[in-house]
Amino acid sequence: HMTQRIAVIPGDGIGTEVMPEGLRVLEAAATRFGLDLDFESFDWGCGHYLREGRMMPADWKERIGGHDAILFGAVGAPDRVPDHIAIWDSIITIRREFDQYVNLRPARLMPGVPSPLANRRPGDIDFLVVRENTEGEYSSLGGRMFPGTEREFVIQESVFTRTGVDRVLRFAFELAARRPGRHLTAATKSNGISITMPYWDERLQAIAGEYPEVAWDKFHIDILCAHLVQHPDRFDVIVASNLFGDILSDLDPACTGTIGIAPSANLNPERRYPSLFEPVHGSAPDIAGRGIANPVGQIWSAALMLQHLGRDVSVWQDAADAVLRAIEAVLAEGPRTPDMGGTARTADMGRAIASHVAQAR
Ligand code: NAD
Ligand code: MN
27 HMTQRIAVIP GDGIGTEVMP EGLRVLEAAA TRFGLDLDFE SFDWGCGHYL
77 REGRMMPADW KERIGGHDAI LFGAVGAPDR VPDHIAIWDS IITIRREFDQ
127 YVNLRPARLM PGVPSPLANR RPGDIDFLVV RENTEGEYSS LGGRMFPGTE
177 REFVIQESVF TRTGVDRVLR FAFELAARRP GRHLTAATKS NGISITMPYW
227 DERLQAIAGE YPEVAWDKFH IDILCAHLVQ HPDRFDVIVA SNLFGDILSD
277 LDPACTGTIG IAPSANLNPE RRYPSLFEPV HGSAPDIAGR GIANPVGQIW
327 SAALMLQHLG RDVSVWQDAA DAVLRAIEAV LAEGPRTPDM GGTARTADMG
377 RAIASHVAQA R
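Sequential numbering of the sequence shown, starting at 27, is according to the UniProt record's numbering.
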């Protein structure tokens, strides 16, 4: 019997409103499929910062490092805590310390969710963005010289390590090899960024050689953005560096409807550290406290967690599939929260999804 210990960090704002729905659906899945999930909750976030002067306790790594996964809500209270502190001292620290070098974001056009792209139907858009999550353009190497003078200048270096590039490319090819489309697209910009991006392309070519069964292509990031809007149906797995992946992964939820349903996984594929699952959205202070946040991003992230925890054990994959089918059913038939044009509350949508999971065959 496989007990999986989950560290639950609801965070701030609507994080604390969508998390109970994520847990409600996980509990329904655990009951229906006989999974053994053990939840432990941590009240880390901006409230913790205002009380203790830090977003997480000093021994946070020991407190959650032994768990099998982390389910995260959202952090941020921009009127009380500066955003760079709220984000860097929590979610970004966890991603880096736990070497979660893959940021995985599925984009799928779901029934009942109108796309801003004309004539696109459910099933037309179904791709995954694999973003490198630990190096690349987001480095702290650099500085400002001669501040405040005419000679002032700033430099920020990009860092692409062979290990870092190869492991994220390999992860993406492995993923593509297991999907029916068996297709991979890489983002690049080797026509403009003339040292790091040709290196990225070179490693891409090398790793691609290990996966003859996967068809692949590459596009410069600018034209790739245009293709994603004009032909989103052509994509299957997209792999990108930290900066380009960041841009692409905000473009997808825009193509597929509302940010309220978009999920993400921050993975340490070797399982040396726990992986972290969180909705793409933030703490949404504009609607927090009203009980109207869409819980689907959180619930879909919980489904990604089941997929990861279950490895190849079929009952865990069945549970994850049941959650996804339940999400699809409720998006199609309601109830729906106001961001989707409905009048339902967060808990109405969570209960409806949980009850579909409880009845899953
Ligand atoms: P946001 O995602 O919180 O909100 C953007 C807009 O989308 C808002 O109008 C909000 O009402 C709406 N929205 C978001 N999630 C929704 C949901 N589930 N249902 C219905 N509507 C939803 O982004 P923001 O306003 O730029 O940031 C607010 C705070 O969240 C900031 O402090 C920011 O730093 C933080 N943030 C945290 C994370 C994270 O924890 N990983 C991610 C993004 C932003
Ligand atoms: Mn972003």
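Where a beta carbon is used, it is the ideal one built from N, C-alpha and C, also for glycine. In this text, all values refer to a predicted model and were calculated from it rather than measured experimentally.
Within a 10 Å sphere around the beta-carbon of Q324 sit 16 or more other beta-carbons, which makes this residue buried. With respect to the 8 angstroms criterion, D94 and L335 are classified as neighbours on the basis of their beta carbons. DSSP places K87 inside the alpha helix (DSSP H), whose first and last residues are W86 to I90.
Under DSSP, the beta-bridge partners assigned to H209 are A241. DSSP places I318 in the coil class of the three-state scheme, outside both helix and strand. Taking all protein chains in view, the Cβ of A348 is crowded by 16 or more other Cβ atoms within 10 Å, so the residue is classified as buried. Counting the other Cβ atoms within 10 Å of the Cβ of N159 gives 16 or more, which makes it buried. Excluding residues up to 5 positions away in sequence, E123 lie with their Cβ nearer than 7 angstroms to the Cβ of K87 in the same chain.
Membership of S67 in any alpha helix (DSSP H) is not indicated; the residue belongs instead to the beta strand (DSSP E) covering D62 to S67.
Shown here, P104 sits in coil according to DSSP, grouped into three states, outside any helix or strand. With 16 or more other Cβ atoms from the protein chains shown falling within 10 Å of its own Cβ, F303 counts as buried. Non-local beta-carbon contacts of Q343 in its own chain, meaning distances under 7 angstroms to residues more than five positions away in sequence, involve Q333 and G336 in chain order.
Your pair D262 and G207 checks out as a contact, with CB atoms roughly 4 angstroms apart and the cut at 8 angstroms. Judged by beta-carbon spacing, R193 lies within the 8 angstroms limit of Y127, meaning their Cβ atoms are closer than that value. According to the DSSP assignment, E43 belongs to no beta strand (DSSP E) but to the alpha helix (DSSP H) extending over G41 to F59. The C-beta distance from R121 to V155 rounds to 16 angstroms, too long to meet the 8 angstroms contact threshold.
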